[in-house]
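Asker: So that we are looking at the same thing, I have put the structure below in structure tokens.
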Amino acid sequence: MKILFTDLDGTLLNNQSMVSRNTKAFLDDFIHAGNKLVLTSGRPLPSILEVKEQAGLNYPGVLISASNGTLVYDCDSKTPIQEKRLSLAQVAYLQAQAEAFQLHIQTYTDDAIVTAAEDEEIRFYRRRVHLPLLLAEDYASVLTNGPLKMLAIHLNDHDRLTAFCEHIADWAADKIQYIFSNDFYLELFHKDAGKGSSVRFVCDYFQIPLTDAFAAGDADNDISMIREAGCGIAMQNAAPDVKEAADVITAKDNDHDGLAEFMKSVL
């Protein structure tokens, strides 16, 4: 049995945020041969479930690693099998620091985005992630438990996000991780989570050797899983650091079935 951990945006999905016909045909054959699929994304769970449903990926045994590996979800039983959440105190601190840097920052309930205002950043984000909004000035006050992640966004000043990282670095060292999923999005989540952590957890859970794991991605938040898997795959359209971390680079990009073509060549 082989197991494929695949990122969504820029990897499994084409530039129209869809699974192409050729990629779907590969996945059909891959699952039919007795292999396992893990949809692995920085997106929250409801958004990944929407993608899964729209693409017709209704295979038995599919897992989802959501919100940068902070949640591992069994689609058959419709239950989480692992969660790593931020504390409400951490949420309050990060919200205050981000606002001091004049950064948009948001968090999540299990089925909604929590944000202070319906601004340009949230409109941009919701082009792909179609969750309802919960508007609140004090995020911690509307959360019933700690969220899986927070997300800071700035659409035209990457340096401000970098400066924010430097500002919180000492505080974050033993509490949280932060990593870019693209130039606009800074992901903040539990220090023991991450996509690489979910690869180790899932392989151990199903007693699948890491040598039988494939992990594919295109952005910095994919590097940890690319390094953990027996075969780490960078997309042709991946960032330079991702390509450097990978064992292989696909010949084609995400808009030309790059992942499916590579996987077919090695299986």
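Numbering-wise (the numbering used here), the sequence shown opens with residue 1478 and increments by one.
Where a beta carbon is used, it is the ideal one built from N, C-alpha and C, also for glycine.
Where does Gln1740 sit, in a helix, a strand or coil, going by DSSP?
Answerer: According to the sequence shown, residue 1740 is Met rather than Gln. Helix.
Asker: Using DSSP bridges, identify the partner residues of His1667.
Answerer: Looking at the DSSP assignment, His1667 forms a beta bridge with Ile1653.
Asker: Should Gly1735 and Asp1724 be called a contact, given that it needs their Cβ atoms to be closer than 8 Å?
Answerer: No, Cβ-Cβ distance for Gly1735 and Asp1724 is not below 8 Å.
Asker: I'd like to know if the stretch 1569-1578 and the stretch 1685-1698 are in contact, where contact means that at least 3 CB-CB pairs between them fall below 8 Å.
Answerer: Output reads no: the stretch 1685-1698 does not touch the stretch 1569-1578.
Asker: Go ahead and pull the three-state DSSP assignment for Leu1556.
Answerer: It should be noted that the sequence gives Thr, not Leu, for residue 1556. Strand, per DSSP.
Asker: Per DSSP, what are the beta-bridge partners of Lys1513 in this structure?
Answerer: DSSP lists Ile1480 as partners of Lys1513.
Asker: Alpha carbon to alpha carbon, what distance is there between Ala1692 and Leu1628?
Answerer: Going from the Cα of Leu1628 to the Cα of Ala1692 covers about 23 Å.
Asker: Going by alpha carbons, who is nearest to Ala1589 out of Asp1730, His1644, Arg1603, Leu1611?
Answerer: For the residues Asp1730, His1644, Arg1603, Leu1611, the minimum Cα distance to Ala1589 belongs to Leu1611.
Asker: Where do the ends of the beta strand (DSSP E) carrying Leu1540 lie?
Answerer: Leu1540 -> beta strand (DSSP E) spans 1540-1543.
Asker: Rounded to whole angstroms, what's the CA-CA distance from Gly1487 to Lys1668? Just pull it up for me.
Answerer: Whole-angstrom Cα-Cα distance: 25 Å.
Asker: Could you give the distance in angstroms between the alpha-carbon of Glu1761 and the alpha-carbon of Ile1656?
Answerer: Because residue 1761 is not part of the residues shown, which for the chain are 1478 to 1744, the question remains open.
Asker: Where do the N-terminal and C-terminal ends of the beta strand (DSSP E) with Leu1610 fall, by residue?
Answerer: Its beta strand (DSSP E) spans residues 1610-1612.
Asker: Given Asp1596, which residues of its chain have a CB within under 8 Å of its CB, disregarding the five upstream and five downstream residues?
Answerer: Result list for Asp1596: His1581, in chain order.
Asker: Please report the residue range of the beta strand (DSSP E) in which Asp1551 lies.
Answerer: Per DSSP, Asp1551 belongs to the beta strand (DSSP E) from 1548-1551.
Asker: Tell me whether the stretch 1553-1560 and the stretch 1601-1611 touch, counting them as touching only if at least three CB pairs, one residue from each stretch, are closer than 8 Å.
Answerer: Short answer: they don't touch.
Asker: Exposed or buried, Phe1661, counting other C-beta atoms within 10 Å across all chains shown (16 or more means buried)?
Answerer: Phe1661 is buried by the Cβ-count criterion.
Asker: What are the complete alpha helix (DSSP H) segments, minimum 4 residues, inside the stretch 1657-1724?
Answerer: Here the runs fully enclosed are 1672-1682, 1700-1705, 1717-1722.
Asker: Would Leu1563 pass as a contact of Ala1543 if the rule is Cβ separation under 8 Å?
Answerer: Not in contact: Leu1563 and Ala1543 (Cβ atoms no closer than 8 Å).
Asker: Mind checking Met1702: buried by the 16 CB within 10 Å criterion, or exposed?
Answerer: Buried.
Asker: Thinking C-alpha only, which one of Gln1567, Gly1694, Ile1541 is nearest Ser1524?
Answerer: Comparing Cα positions, the closest option is Ile1541.
Asker: Please state if the CB of Ala1722 and the CB of Phe1482 are separated by a distance shorter than 8 Å.
Answerer: Cβ atoms of Phe1482 and Ala1722: not closer than 8 Å.
Asker: Is the stretch 1629-1640 touching the stretch 1506-1518 in the sense that three or more CB pairs, one from each, lie closer than 8 Å?
Answerer: With a cut-off of 8 Å, the stretch 1629-1640 and the stretch 1506-1518 do not count as touching, because too few Cβ pairs lie within range.
Asker: Using 8 Å as the threshold, is the C-beta distance between Ala1670 and Asn1545 below it?
Answerer: Yes, these two residues count as a Cβ contact at 8 Å.
Asker: Near Pro1537, which residues of its chain fall below 7 Å by C-beta distance, leaving aside the five closest residues on each side in sequence?
Answerer: Answer for Pro1537: Asp1553, listed in chain order.
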